[in-house]
Amino acid sequence: MTVTAPRPTPQRSAGSRAGDLLSRVFGGGSATVFALLIVVFAAIFIVNPSFAEPPSLMAFLKQAAPLMILAIGQYFVIVSGEFDLSVGSLVGAQVVIAAALIDGEEGRTVPVILLMVGFGILVGLVNGLITTLLKVQSFITTLGMMLVLYGAIRLWTGGAPTGALSEAFRQPGRGGIDMAVVRQLPWALMILVGVVIVAVAVMRSSYGRTLVATGDNERAAGFSGVRVWRVRTLAFVVSSVLATLAAILIGGYAGVTAQVGQGLEFTAITAVVLGGVVLGGGRGSVVAAMAGALTLEALFVLFNQLSMPSTIRPAVQGVIIIAAVAYAARERARPRHHQEVPSQPQPNEA
Amino acid sequence: MRTTRALLAASAAAALLLAACTTDEPSDTAAPDETAAASEQPGAEGEDEETADGEFFVRADFDRQLAQRDVEPEGDPATPWLQAIEPEYVDTAQYAQDGNTLCFSNASVSNPWRVTGWITMQQQVEVLQAAGEIGEFRVSDAADDDNKQISDIQAFIDAGDCNAIIISPSTTATLTPAVEAACASGVPVIVFDRGVNTDCMVTFIHPIGGYAYGADGAEFLAENLEPGSTVLALRILPGVDVLENRWAAAQEIFADSELEVLGDEFTGGDGAEIKNIVTQYLQRGEVDGIWMDAGDGAVAAVEAFEDTGNDYPVMVGEDELSFLRKWQETGMTAIAPVYSNFQWRTPILAATMIWAGEQVPSEWVLPQDPITEEDRDDFLDRNADMPSLHYAKFGGEDLPGFPSAWQDR
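Residue numbers (our numbering), protein chains in the order written: chain A, 8 to 357; chain B, 5 to 413.
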């Protein structure tokens with residue numbers, strides 16, 4: 008058995024201290040995503056300089072906001088050591104519910120949005136409680152929820168959504184404040200910024216630390232007095248509520264189609280993992296998860312700007328994601344000076 | 005370890021680079037083979053991958069479908085679902101049955117077009133059940149799963165009490181043996197919508213087809229855009245023959261026109277995806293026309309022009325109401341090709357005709373006329389209370405369930 012011998016503690020230089028600070032801000036292994044993000048953006052700007060103009064950037068952020076919000080929600084669940092596969096279906100269900108209930112009437116916008124939030128909380132609670140109290144693995148719980156929602160919506164609508172969204176409902180995802188330079192400051196961007204600020208604050212609060220600790224070592228967290236079931240259930244609720252918010256933005260952005268939300272759960276999980284968050288929990292930062300989502304969206308733009316044939320895009324995307332995550336994993340596996348040295352496995356005495 | 009990381013970085017860079025390169029290379033399409041049916045011209049840059057083999061383009065079919073558009077169909081224009089283009093009637097006396105149980109193996113109801121048609125079909129069945137012409141109506145839905153549909157059809161055969169089997173196949177090649185098995189069981193078999201590679205069924209019911217659909221839109225763009233204008237093609241999925249035929253026909257038309265095809269993109273029919281893609285093309289440059297292989301999400305494409313402050317393009321949508329309404333509202337130049345949804349009525353009527361010993365066309369080609377600016381408002385009036393994902397040419401206005409059956413989905 009070979010155990011990688013810890014390297015002698017390197018000399019700490021100013022550079023490494025700065026790097027240390029950066030790595031603390033962005034979390035271990037997530038530097039890759041920021042590097043990738045910069046590379047992708049640089050490539051886009053080279054291919055199409057007009058993309059760097061503020062109106063184009065605003066349009067890009069407006070379109071990317073829902074996935075970033077979904078990724079933030081997914082981050083909460085993943086960092087606590089679970090999965091939420093139900094978000095894509097939930098987005099689809101929420102948009103269909105909104106269209107059916109609003110049915111074009113402006114006055115129903117706010118009540119329906121409140122109802123959607125309520126439904127989101129309910130879905131999160133069910134996911135969380137089944138996972139934590141009934142001890143069903145979240146992969147199965149949320150996979151089941153994904154199918155239940157998908158099926159229920161199909162049953163309810165007969166396969167095709169009915170009704171229409173109101174203009175007011177569409178504003179958050181589609182509208183914004185008209186202004187010079189950027190043409191339009193999208194509401195979606197402002198909502199996103201709000202969500203990010205709250206998410207960062209929550210992750211710095213005691214709840215956030217508990218959440219990460221739970222994901223890192225459930226038993227240890229339990230022994231130290233964390234009510235694991237409550238912490239995790241709350242994470243599922245956060246994910247579902249943010250999925251609801253994403254649904255409002257996506258529905259607003261593009262209106263109702265039968266396919267809305269399809270496959271978003273995997274895009275969101277990919278984004279989170281690309282952001283250097285470890286599946287299984289306990290590591291990674293919420294900002295990096297969000298950057299992962301932004302990188303994914305930017306990759307789609309880059310493919311488009313390169314006029315890459317759409318048939319080979321998924322393959323290229325897959326290669327880039329695997330390479331980036333593998334690279335980040337290498338980075339993380341490298342022993343670092345401020346990291347506790349993994350103790351030699353003690354021979355079992357018994 | 006350092007080497008591995010360098011390798012990884014290199015591979016990522018290589019992936020990006022290779023991807024970039026593919027678009028810079030000149031078209032690698034083989035020279036058009038004059039002898040084979042596949043004599044597609046490579047279109048604009050970046051769209052040549054799918055056309056190289058001509059798997060989805062048969063010139064004879066293309067020519068026939070384009071010609072069929074100008075043929076006056078036989079039958080009453082008020083009931084287009086009973087009209088037929090150049091029918092060759094077959095005798096059905098040998099299929100006389102002593103019962104009237106009708107069995108239907110449906111590929112799926114996974115999109116609004118199929119949902120609309122499925123409602124129309126059920127309404128038609130109810131009318132005939134009330135009249136005593138149809139007894140039990142047995143249905144199985146394969147949910148787009150070939151294997152499920154094969155076993156569904158086998159179950160109908162094994163049950164032995166179906167007096168006719170209607171099949172809407174999910175895919176062509178895979179379902180062919182199952183349809184042949186149904187034919188061999190001795191009951192009349194009716195196939196509609198997508199085809200199969202056999203002619204053992206009594207009748208194969210379908211509108212003119214995908215080539216005509218694709219050409220309707222592409223010709224409209226060629227006529228309404230200045231030479232040198234740019235067109236973006238939005239497609240749902242690769243590899244589905246009905247959709248590939250539409251695109252192949254459009255490419256054929258574009259190749260003979262002066263239009264520049266900017267690219268063809270797969271959208272999965274998702275509105276958000278469509279809007280993203282169109283927005284990005286608009287950031288790159290001007291887009292004068294949009295061609296779509298199906299109208300799902302056409303409104304999202306139009307909105308992309310609105311939200312980025314661009315003029316409306318010349319638009320190819322479909323007879324889906326959301327698009328027709330947007331078209332009326334904005335007054336843009338557009339056409340709505342139609343893949344006749346009323347075809348869902350025809351197989352039911354065909355079954356009762358076969359039981360009655362009446363002749364039916366062996367290949368029952370239904371009319372397929374696009375909706376143009378002249379008749380758009382008429383169709384909108386007729387469907388005024390219908391939901392936005394309803395199809396204007398659903399052909400069920402005379403059924404007793406109209407309009408509530410189509411409203412409460």
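For glycine and all other residues, C-beta sits at the position ideal for the given N, C-alpha and C. Computed from a predicted structure; not experimentally measured.
Against chain A, does K279/B count as a neighbour if the rule is that its beta carbon must be under 8 Å from one of theirs?
yes
How is the alpha helix (DSSP H) around M319/B delimited, first residue to last?
Counting along the chain, M319/B falls outside any alpha helix (DSSP H), though it belongs to the beta strand (DSSP E) covering V318 to V320.
Please report how far the alpha carbon of G190/B lies from the alpha carbon of P173/B, in whole angstroms.
19 Å
8 Å Cβ cutoff, Q284/B in contact with chain A:
yes
Quick check on P193/A: does DSSP put it in helix, strand or coil?
strand
Buried or exposed: which applies to S212/A, given that a residue is buried once 16 or more other Cβ atoms fall within 10 Å of its Cβ?
exposed
Selection of the region 261-276 of chain A by Cβ proximity to chain B, strictly under 9 Å:
A261, G262, V263, T264, A265, Q266, V267, G268, Q269 and G270
Could you pull the start and end residues of the beta strand (DSSP E) that N110/B belongs to?
L106 to N110
N151/B, buried or exposed, once every other Cβ within 10 Å from all chains shown has been counted against 16
exposed
According to DSSP, simplified to helix, strand and coil, what is V117/A?
helix
Flag this pair as yes or no: are the beta carbons of L236/B and I294/B separated by less than 8 Å?
yes
Please report the distance separating the alpha-carbon of G151/A from that of Q81/A.
17 Å
Checking the sheet assignment: what are the DSSP bridge partners for D145/B?
N110/B
From Q372/B to A254/B, what distance separates their C-alpha atoms?
16 Å
Check the C-beta distance from L156/A over to S96/A and give it rounded, since I have them as a contact under 8 Å.
4 Å
Return helix, strand or coil for A237/B, following the three-state DSSP convention.
strand
Just to confirm my understanding: we take F48/A, look at its own chain, exclude 5 residues before and 5 after, and list those with CB closer than 8 Å. What are they?
A305
Per-residue DSSP class, three states only, for P73/A
helix
Just how far apart, CA to CA, sit W359/B and G103/B?
9 Å
Closer than 6 Å by C-beta to E248/B: which residues in its own chain qualify, once you throw out the five before and the five after it? Chain order, please.
F60
How would you write the range of the beta strand (DSSP E) that S173/A sits in, first residue to last?
Run containing S173/A: none; DSSP gives neither H nor E here.
Using a Cβ-based criterion (distance less than 7 Å to any ligand heavy atom), does F310/A qualify as near the ligand SAH?
The model on display carries no ligand, and the ligand SAH is accordingly not part of it.
With DSSP collapsed to three states, give me the class of I7/A.
Outside the displayed span of chain A (8 to 357) sits residue 7/A, for which this structure offers no information.
Under the assumption that T96/B contacts V206/B (Cβ atoms under 8 Å), give the Cβ distance between them as a whole number of angstroms.
6 Å
Looking only at its own chain, which residues have a Cβ that is under 7 Å from the Cβ of S112/B, when we skip the five neighbours before and after it?
R118, D145, A146, A147, D148 and S174
With 8 Å as the threshold, decide whether the Cβ of P168/A is near any Cβ in chain B.
yes
Do you know how far the Cα of A396/B is from the Cα of M335/A?
A quick correction: the sequence has Ala, not Met, at residue 335/A. Distance between the alpha carbons of A335/A and A396/B is about 53 Å.
Using a Cβ-Cβ distance under 8 Å, would R181/A count as near chain B?
yes
Pop quiz: I257/B and A222/B are said to be a contact at Cβ under 8 Å. What is the actual Cβ separation, rounded to whole angstroms?
4 Å
Counting contacts by CB-CB distance shorter than 8 Å, is N110/B in contact with chain A?
no
Own chain, CB closer than 7 Å to D65/B, minus 5 neighbours either side, in chain order
Y215
Among P62/A, L172/A and P56/A, which one has its Cα closest to the Cα of Q101/A?
L172/A
Starting from the C-beta of P404/B, find all residues in its chain whose C-beta is less than 7 Å away, skip the five residues before and the five after it, and write them out in chain order.
V131
Excluding the 5 residues flanking G213/B on each side, which residues of the same chain have their C-beta closer than 6 Å to its C-beta?
Q69
What does R288/B touch in chain A if you count any residue whose Cβ is under 7 Å from its own?
N55 and Q312
S172/B, enclosing beta strand (DSSP E) - first and last residue
A168 to S172
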